[in-house]
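Chemist: Here the UniProt record's numbering is used: the first residue of the sequence shown is 1, the next is one more, and so on.
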Amino acid sequence: MSNETLANLAHEDRRFEPPKELAEHANVTAAAYDEADADPEAFWAKAAERISWDTKWDRVLDWDNPPFAKWFVGGKLNAAYNCVDRHVEAGNGDRVAFHWVGEPADDTRDITYAQLKDQVSQAANTLIELGVKTGDRVAIYMPMIPETVVAMLACARLGAPHTVVFGGFSSSALRDRIQDCDAHVVITSDGGYRRGAPAALKPAVDEAVAQCPGVEHVLVVRRTGEDVTWDDQRDVWWHDTVEKASTDHTPEAFDAEHPLYVMYTSGTTGKPKGILHTTGGYLVGTSWTHWAVFDLKPETDVYWTAADIGWVTGHSYIVYGPLANGATSVMYEGTPDTPHKGRWWEIVAKYKVTTLYCAPTAIRTFMKWGRDIPAEHDLSSLRLLGSVGEPINPEAYIWYRDQIGGGKTPVMDTWWQTETGMHMISPLPGVTAGKPGSAMKAIPGVSVDVVDDDGESVGNGNGGYLVVTKPWPAMLRTIWGDDERFKETYWERYAAKGYYFAGDGAKLDDDGDIWVLGRVDDVMNVSGHRLSTTEIESALVSHPKVAEAAVVGATDEQSGQAINAFVILRESALKGGEEAPDALITELRNHVASEIGAIAKPKSILVVPELPKTRSGKIMRRLLRDVAEHRDVGDVTTLADSSVMDQIQEGVGKGS
Ligand code: 6R9
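1. Sort out for me which residues DSSP pairs R401 with in a bridge.
2. Evaluate H239 with the Cβ neighbour count: other Cβ atoms within 10 Å of its Cβ, from every protein chain shown; 16 or more gives buried, anything less gives exposed.
3. What did DSSP end up calling L584 once you bin it into helix, strand or coil?
4. So, is P66 buried or exposed, given that buried needs 16 or more other C-beta atoms within 10 angstroms?
5. What's the gap between the Cα of D136 and the Cα of G285?
6. Kindly provide the chain-ordered list of residues whose Cβ lies closer than 7 Å to any non-hydrogen atom of the ligand MN.
7. With DSSP run on the structure shown, which of helix, strand or coil describes Y499?
8. Taking the straight line between their C-alpha atoms, what separation do you get for E49 and R86?
9. How would you label Q647, buried or exposed, when you count the other beta carbons within 10 angstroms and need 16 or more for buried?
10. Using CA atoms only, rank isn't needed, just tell me which of V546, T229 and Q558 is closest to V608.
11. Does DSSP classify I347 as helix, strand or coil?
12. Taking the CB atoms as reference points, tell me whether A97 and L323 lie closer together than 8 Å.
13. Leaving out five residues before and five after L428 in sequence, what residues of the same chain have Cβ atoms less than 6 Å from its Cβ?
14. What ranges does the beta strand (DSSP E) occupy inside the segment 260-334, keeping only unbroken runs of at least 3 residues that lie completely in it?
15. For residue 658, is the classification buried or exposed, using 16 other Cβ atoms within 10 angstroms of its Cβ as the cut-off for buried?
16. Please report the distance separating the alpha-carbon of M424 from that of P272.
17. Looking only at C-alpha atoms, which of R223, I275, T265 and S121 sits nearest to K244?
18. Just to confirm, are V526 and G560 a CB contact at a threshold of 8 Å?
19. With which residues is W71 paired in a DSSP beta bridge?
20. Smallest Cα separation from W311: which of R109, W344, P360 and M263?
21. Considering only C-alpha positions, which residue in the set L382, K341, H377 and P391 is nearest to P360?
22. For a test of the three-state rule: what should DSSP assign to W480, helix, strand or coil?
23. Specify, as a first and last residue, the run of the alpha helix (DSSP H) that L606 falls within.
24. For R223, which three-state DSSP category applies?
25. Answer with buried or exposed for N325, where buried requires no fewer than 16 other C-beta atoms within 10 angstroms of its C-beta.
26. Using only alpha-carbon positions, find the residue among L588, D176, W345 and P18 that is nearest to F294.
27. Report the option in T300, S316 and E216 whose CA atom is closest to the CA atom of Y282.
28. Which one or two residues does DSSP pair with Y465 in a beta bridge?
29. What is the DSSP secondary structure of R625, counted as helix, strand or coil?
30. Have a look at the DSSP bridge pairing and note the partners of I140.
31. Hey, could you find the ends of the beta strand (DSSP E) I568 is sitting in?
32. Short of 6 Å in beta carbon distance, which residues of its chain neighbour S170, apart from the five on each side in sequence? Order them along the chain.
33. What does the alpha-carbon distance come out to for the pair S426 and D513?
34. Taking just the CA atoms, how far does L624 sit from I145?
35. Are the Cβ atoms of V186 and A160 separated by less than 8 Å?
36. Use the C-beta contact count for Q211: other C-beta atoms within 10 angstroms, 16 or more gives buried, fewer gives exposed.
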């Protein structure tokens, strides 16, 4: 990364000190960093005391055979017991675990820990009836309904690793995942609600399972009541089985390294990687970070991760972290604009949400819709905000803090991955003076660095590759069924140093704080200058007329790569309904030039109505690159809305 590029991002000099009141009562203070630095294993051993163990471990970390880690060796525990039973035993059975909000207005359910315990036990008893044994994999393909959490915990209770396949994935994606982990049971529903209408799921399961001879049973929740095709031998209704099963089930304790779940994520090749997480270390890592980074006070906080459970953020921060901590959470089924664009804020006001965790792409969408919409609701209960999934540009950070957080809430920009399982880089709310756009430092107990091609630290003021230098409790243990690929993908590049290669570029500013620049494959090389797509996107979004921007490097004969930008204009810039005039495009190009330098001026800027995004909110730049390079667009099955690409290509046709 050129120093010129780095200097440009570092001109952000706003700082936000922790609110005094929060700092005074914060769960974690600055001392945690020193304590963890002095002895990381002792630090994690102490964090592990927050979890209930059936048998205590006798060794914190076994790193004798890297990169295959074992945490809390010899320890035995049950994840579902930790998430549910122990809270009931502690007298908190009446506490609400989830305020569940369905998409249709007034379709809500509050579920207490005691009710959750009964339901999880019933589902576990049903899975046993269906032949599920410890170690068997179970696929879950569900909408955002409470039964999804119940299903996951029932699997965990039996030691049957679940693989949750995001409900927006196609039947072929589901089939590939079922086959890869050889699941014999699939849990699904007739459908869910999306944008005001039922969206079917069962037909995709039928299609997938037709090619999975190993699947013996499909357990189906009735959610929408729409007609479904039924196979009497194979399919069973949840309400005929789970809801009639016994609420008695004694959880068995499993080894700390017993597989908890497999979560598929895309890699650089076509075949998705099944990331394996195990029980003890994962629960310790997710529960500690959820408590520390969000300063969770289980008695008074109402916590909301506005993400899908089919994504790792949902696993770690809707299910395992919050439940292990006995938190009260909101869980919402639908989209932010159904039935109106103020839905989220209505939910925050109704449940007095204190902590909201979402992705920058959502924040930029709200920016586009305008501040008047959240302003209509009482958001004063919010005391902490979180961001995850991609770099948050300073403008979105400030808007989030000011318009949603009333200018008083700290913003936790959490960097982590499916592979890391838990937060790795983040401010701490009672300690860190936040800088908009920086994820700041590794959390206590985690060691990261920014290194060059040889694995040497680049030092403050420079950019390079983000690595994790020591094992951490919630780390992935392997890629399901493919130890070789696990070693190759993450550990080979810095084998000499024993570092985990995250695949992200980052820079250290003069204070040593980390600015994550995005995937290294998103780094462009334009006429020999290395430029980050994020940096140019950030410059575009800092223009008052731009709501959201995506930048890709398209192959260019002259410059190696040329910068192609796709922008969504703010509603206010669109007033009058005229087509984006050339003058605006020129204005935007000049704006980027003045923010970063002439070298960063996009070669083309296309105004689009939407950007292609995955369900987890990541912009699929690969598809935009196809457009920029005049190719047929590739696979669009993982898009949240596949019609977006048609709209964009229509725009290209018009030559706007
Ligand atoms: C949790 C999650 C991981 C990739 C990661 C990075 C990007 C996530 C980020 C961030 C900058 C943050 N990413 N959080 N980039 N700042 N706060 O998103 O997992 O879906 O596996 O994605 O997301 O590029 O490598 P996953």
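Think of the CB as a built atom: it goes at the ideal place given N, C-alpha and C, for glycine as much as any other residue.
Predicted model, so just to flag it, every value in this text is computed and none were measured.
Modeler: This is what the structure holds:
1. According to DSSP, R401 bridges with nothing at all.
2. exposed
3. helix
4. exposed
5. 24 Å
6. Only the ligand 6R9 can be found as ligands here, which leaves the ligand MN out of the picture.
7. coil
8. 14 Å
9. exposed
10. V546
11. helix
12. yes
13. V28
14. 273-278, 303-305 and 329-332
15. The structure shown does not extend to residue 658, since the chain spans only 1 to 656, so no value can be given for it.
16. 23 Å
17. S121
18. yes
19. L61
20. M263
21. P391
22. coil
23. Unbroken run through L606 is the beta strand (DSSP E), S604 to V607; no alpha helix (DSSP H).
24. coil
25. buried
26. P18
27. S316
28. V451 and G505
29. helix
30. V164 and I187
31. G560 to L569
32. T637
33. 10 Å
34. 33 Å
35. no
36. exposed
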